[in-house]
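**Q** Protein chains in written order, with the numbering used here: chain X, 368 to 750; chain V, 38 to 361.
Don't be surprised by glycine CBs; every beta carbon is placed ideally from N, CA and C.
Since the structure is predicted, the reported quantities are computational estimates derived from the model, not experimental observations.
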Ligand SMILES: Cc1cc2nc3c(=O)[nH]c(=O)nc-3n(C[C@H](O)[C@H](O)[C@H](O)COP(=O)(O)OP(=O)(O)OC[C@H]3O[C@@H](n4cnc5c(N)ncnc54)[C@H](O)[C@@H]3O)c2cc1C
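1. So with Cβ pairs under 8 angstroms, would you call residue 207 (chain V) a contact of chain X?
2. Taking the beta carbon of residue 90 (chain V) as the centre, do at least 16 other beta carbons fall within 10 Å, making it buried, or is it exposed?
3. Could you tell me whether the Cβ atoms of residue 489 (chain X) and residue 427 (chain X) are closer together than 8 angstroms?
4. Kindly give me the distance between the Cβ atoms of residue 594 (chain X) and residue 616 (chain X), rounded to whole angstroms, as I take these residues to be in contact under 8 angstroms.
5. Would you say residue 85 (chain V) and residue 95 (chain V) are within 8 angstroms of each other, going by their C-beta atoms?
6. Please list, in chain order, the residues of the region 734 to 747 of chain X that have any C-beta partner in chain V closer than 9 angstroms.
7. Given a cut-off of 8 angstroms on the beta-carbon distance, is the pair residue 425 (chain X) and residue 432 (chain X) in contact?
8. Cα separation between residue 647 (chain X) and residue 342 (chain V)?
9. Are the CB atoms of residue 226 (chain V) and residue 293 (chain V) within a distance shorter than 8 angstroms?
10. Would you list, in chain order, the members of the region 276 to 289 of chain V that have their beta-carbon closer than 9 angstroms to a beta-carbon of chain X?
11. Could you please tell me which residues of the region 660 to 676 of chain X, in chain order, have their CB closer than 9 angstroms to any CB of chain V?
12. Let me make sure I understand the geometry here. Which of X:450, X:459 and X:541 has the alpha-carbon closest to that of residue 662 (chain X)?
13. Whole angstroms is fine: what's the gap from residue 126 (chain V)'s alpha carbon to residue 205 (chain V)'s?
14. Check each candidate in V:198, V:53 and V:357 and name the one with the smallest Cα separation from residue 118 (chain V).
15. Report the residue ranges of all alpha helix (DSSP H) runs contained in full by the region 455 to 523 of chain X; include only those spanning at least 4 residues, in chain order.
16. Specify the secondary structure class of residue 160 (chain V) as computed by DSSP and reduced to three states.
17. So what's residue 609 (chain X) in DSSP terms, helix, strand or just coil?
18. Find the nearest neighbour of residue 247 (chain V) within the set V:282, V:115 and V:231, judged by alpha-carbon distance.
19. For a contact defined as C-beta to C-beta under 8 angstroms, what are the partners of residue 50 (chain V) on chain X?
20. What are the residues that DSSP puts in a beta bridge with residue 585 (chain X)?
21. Report the option in X:499, X:519 and X:444 whose CA atom is closest to the CA atom of residue 533 (chain X).
22. Is there a Cβ from chain V that is less than 8 angstroms from the Cβ of residue 658 (chain X)?
23. Compute the Euclidean distance between the alpha carbons of residue 672 (chain X) and residue 443 (chain X), then round it to the nearest angstrom.
24. Just to confirm my understanding: we take residue 326 (chain V), look at its own chain, exclude 5 residues before and 5 after, and list those with CB closer than 6 angstroms. What are they?
25. Tell me, please, whether the CB atom of residue 333 (chain V) is closer than 8 angstroms to any CB atom in chain X?
26. Should residue 577 (chain X) go down as buried or exposed, given a rule of 16 or more other Cβ atoms within 10 Å for buried?
27. For the alpha helix (DSSP H) holding residue 106 (chain V), just list the boundary residues, first then last.
28. Indicate, with yes or no, if ligand 1 has a heavy atom lying under 7 angstroms from the CB of residue 174 (chain V).
29. Going by C-alpha distance, which of X:721, X:535 and X:478 is nearest residue 588 (chain X)?
30. Determine, using beta carbons only, whether residue 446 (chain X) and residue 621 (chain X) come nearer to each other than 8 angstroms.
31. According to DSSP, simplified to helix, strand and coil, what is residue 559 (chain X)?
32. According to DSSP, what are the bridge partners of residue 171 (chain V)?
33. Grab me the residues of residue 177 (chain V)'s own chain with a C-beta within less than 6 angstroms of its C-beta, minus the 5 sequence neighbours each way, in chain order.
34. Sorted by chain position, which residues of the same chain lie with C-beta nearer than 6 angstroms to residue 692 (chain X)'s C-beta, five sequence neighbours on each side aside?
35. How about residue 169 (chain V) and residue 143 (chain V): do their beta carbons lie closer than 8 angstroms?
36. At the level of alpha carbons, what is the spacing between residue 680 (chain X) and residue 514 (chain X)?
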């Protein structure tokens with residue numbers, strides 16, 4: 368059953384911590400002058416040059432083995448790296464998906480040829496990935512995907528549509544979950560994952576604008592796209608299990624608690640001049656929620672490093688973490704608008720306005736609150 | 038936790054379950070008295086768990102006794118066992134010894150002192166020093182849970198310098214750990230009840246609304262447990278760790294108690310049913326040694342004064358396992 372022992376007390380090893388000063392120094396230099404309202408985009412901020420600069424230092428694909436172009440470091444080293452990138456508000460969206468889940472997926476389930484073809488390029492930040500899970504009629508009910516790949520003499524014929532695909536319009540490849548046998552009624556059975564080259568004929572990517580005015584995600588259409596034989600990732604029919612392995616990576620990291628951190632710290636800095644008791648309490652309550660969540664993320668990093676797949680733990684962590692990330696802009700709005708006679712710092716206002724308009728997506732992307740709570744309930748023996 | 042530790046924890050859990058039965062808790066509530074629970078617990082030998090080995094104790098770390106303190110909360114133990122463990126270690130480290138049969142509470146200023154009703158001794162602040170005093174009387178027990186609204190102090194047995202030891206911090210840290218234990222008991226009772234109780238022809242736990250509530254409860258409980266564990270992961274109790282743990286425990290109590298009682302319906306409120314033994318104690322703990330606003334204020338101030346560049350830095354320096 369899910370208990371505190373599901374999250375063993377875990378410390379980040381010294382070797383991983385040793386990376387931190389170099390990363391801080393790099394970020395201090397590279398992000399100097401970048402306004403907080405842009406830094407607040409963190410893992411939604413796309414900057415291919417920034418990703419390549421990280422890659423030059425070996426900081427993309429950190430956990431990939433050296434012979435595939437990675438740094439051969441462990442999951443803790445990646446935690447340290449990612450924590451620093453997020454806390455500083457570095458624009459890491461370009462390489463984010465490939466680094467977090469596509470590369471580990473290919474390392475684990477890919478063929479040797481796929482690993483050699485893709486991992487070094489991911490590590491050099493030459494190719495970027497997106498996640499093709501959701502469809503117009505398959506959101507929470509992911510197992511009902513309808514996009515279908517049919518085997519042909521020279522490969523697979525792909526038809527269907529994905530939606531909400533983050534940065535598909537700037538990515539080179541999608542890892543798509545599609546049906547290869549049976550019907551949507553067969554649910555988890557008959558699903559497979561494919562490496563889809565988005566430049567192939569028949570692929571159309573149509574950007575969707577968010578209410579914030581940003582264009583982060585897309586519709587992706589597949590019209591008789593011919594995928595080569597070796598586009599299949601892992602075993603045919605094993606897609607559901609593979610997707611779940613990915614989701615443990617997708618839901619356990621510090622990005623599920625730090626999406627509003629730049630704002631929190633910008634606000635905290637303004638308090639130094641004239642803290643009120645109410646502000647101190649507000650800040651303290653948020654930190655008291657944040658600290659155990661960070662400990663849980665470190666703990667799951669240890670579990671992932673041991674080869675475990677803490678999927679239910681990650682659901683619990685992500686649900687709580689995104690609730691906190693969502694609460695932060697509202698709390699700060701409450702604080703700022705309590706001081707009616709003090710002008711709000713313009714950059715604080717821009718950052719606050721950005722996150723107040725975006726925070727409702729934090730609990731949607733990566734699986735919704737209700738779905739995660741259903742997984743937790745199962746972990747508690749209730750279903 | 039390593040294997041030695043989990044063996045220790047399991048045997049302590051069995052021991053406490055045998056000694057501090059719900060029946061005994063009810064008898065205790067009617068007329069708080071140390072016995073028979075105290076002698077049985079004392080005989081286990083854990084009272085000197087934190088006393089350094091060269092002073093004849095087991096020399097365990099706070100981190101190793103954290104699960105034991107949680108277990109006390111899990112079983113609504115209402116005698117000051119955890120508090121006496123910490124007091125004995127502090128006294129021993131200062132070359133002093135507590136009387137063998139002393140049941141010692143930590144008594145910093147607080148509107149209520151849980152586990153105080155049957156205590157025989159207390160550690161109190163006395164200017165720059167901490168004094169061990171005999172108790173000649175205690176205040177009221179408004180929760181009927183073995184607490185005391187105050188103490189009457191008799192002889193002063195000894196004193197020691199307060200440097201490096203803050204009674205208020207230690208008391209709040211131990212409170213958070215016992216609260217974490219009481220909450221995990223509420224959770225396990227609620228899960229069991231949801232699987233057993235049937236309405237509309239199926240167990241409550243099959244209804245999505247109930248599942249979602251219990252998931253939230255589990256989240257809250259685990260978050261408190263992790264925060265309390267961090268507060269007890271260093272050499273001593275530090276402000277940030279304790280502040281986060283007690284603020285979190287107090288805040289979570291609202292939801293955790295609320296959901297536990299909601300899921301149980303009317304039966305949960307009855308004297309006959311065990312649930313209230315734990316939920317009433319949680320409410321009592323909320324009033325003890327600093328509220329969520331009190332500790333959150335301390336934590337926020339610390340963050341502002343520390344001047345850390347980011348909150349991630351602050352947490353790493355002050356609020357993660359072993360930071361102290
Ligand atoms: C910013 C952002 C980025 C995203 N990026 C990607 C991406 O890159 N790739 C990708 O594949 N997807 C992506 N998504 C899609 C995301 O995974 C889905 O939005 C999510 O899984 C929910 O699906 P839906 O939007 O269709 O909502 P629905 O599934 O229609 O859900 C609507 C509401 O109903 C609730 N609900 C649904 N089923 C149940 C049930 N059984 N019981 C109780 N309540 C239920 C949900 O919890 C939710 O509250 C992204 C989404 C966002 C917001």
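**A** Here's the rundown:
1. No - not a single Cβ of chain X is within 8 angstroms of the one on residue 207 (chain V).
2. Answer is exposed; the Cβ neighbour count stays below 16.
3. Closer than 8 angstroms, so yes.
4. Actually they are not in contact, since the Cβ atoms of residue 594 (chain X) and residue 616 (chain X) sit about 24 angstroms apart, beyond 8 angstroms.
5. Contact: yes.
6. So the close ones are 736, 737, 739, 740, 741, 742, 743, 744, 745, 746 and 747.
7. Cβ atoms of residue 425 (chain X) and residue 432 (chain X): not closer than 8 angstroms.
8. It is roughly 11 angstroms from the alpha-carbon of residue 647 (chain X) to the alpha-carbon of residue 342 (chain V).
9. Between residue 293 (chain V) and residue 226 (chain V), the C-beta gap is not smaller than 8 angstroms, which leaves the two residues out of contact.
10. The residues in question are 277, 278, 280, 281, 282, 283, 284, 285 and 288.
11. Taken in chain order, the members of the region 660 to 676 of chain X whose beta-carbon sits within less than 9 angstroms of a beta-carbon on chain V are 660, 661, 662, 663, 665 and 666.
12. Per the Cα distances, X:450.
13. Residue 126 (chain V) and residue 205 (chain V) have their C-alpha atoms roughly 16 angstroms apart.
14. Residue 118 (chain V) has its Cα closest to that of V:53, out of V:198, V:53 and V:357.
15. As far as the region 455 to 523 of chain X is concerned, its whole alpha helix (DSSP H) runs of at least 4 residues are 460 to 464, 470 to 476 and 479 to 490.
16. Shown here, residue 160 (chain V) sits in a strand according to DSSP, grouped into three states.
17. Note: residue 609 (chain X) maps to helix in three-state DSSP.
18. Cα-wise, what sits closest to residue 247 (chain V) is V:231.
19. Under the 8 angstroms cutoff, chain X gives no residues; its nearest Cβ is about 13 angstroms from residue 50 (chain V).
20. According to DSSP, residue pairing for residue 585 (chain X) in a beta bridge involves X:574.
21. If we check each option's Cα against that of residue 533 (chain X), X:499 comes out closest.
22. Under the Cβ criterion of 8 angstroms, residue 658 (chain X) is counted among the residues facing chain V.
23. Put simply, the backbone Cα of residue 672 (chain X) is about 8 angstroms away from that of residue 443 (chain X).
24. Once the five neighbours on either side are set aside, the close Cβ partners of residue 326 (chain V) are 147, 208, 209 and 212.
25. Cβ-Cβ to chain X under 8 angstroms: yes for residue 333 (chain V).
26. Note on residue 577 (chain X): under 16 other CB atoms within 10 angstroms of its CB, so exposed under the neighbour-count rule.
27. Counting along the chain, the alpha helix (DSSP H) containing residue 106 (chain V) begins and ends at 99 to 111.
28. Every heavy atom of ligand 1 is 7 angstroms or more from the Cβ of residue 174 (chain V), so no.
29. Residue X:535 is the option with its Cα nearest to residue 588 (chain X).
30. Closer than 8 angstroms, so yes.
31. Looking at residue 559 (chain X) - three-state DSSP - the assignment turns out to be strand.
32. Partner(s): V:158.
33. Hits under 6 angstroms: 186.
34. Scanning its chain for C-beta atoms nearer than 6 angstroms, with the 5 sequence neighbours on each side dropped, one finds around residue 692 (chain X) the residues 626, 627 and 729, in chain order.
35. For the 8 angstroms CB-CB criterion, residue 169 (chain V) and residue 143 (chain V) do not form a contact.
36. When rounded, the distance between both Cα atoms is 30 angstroms.
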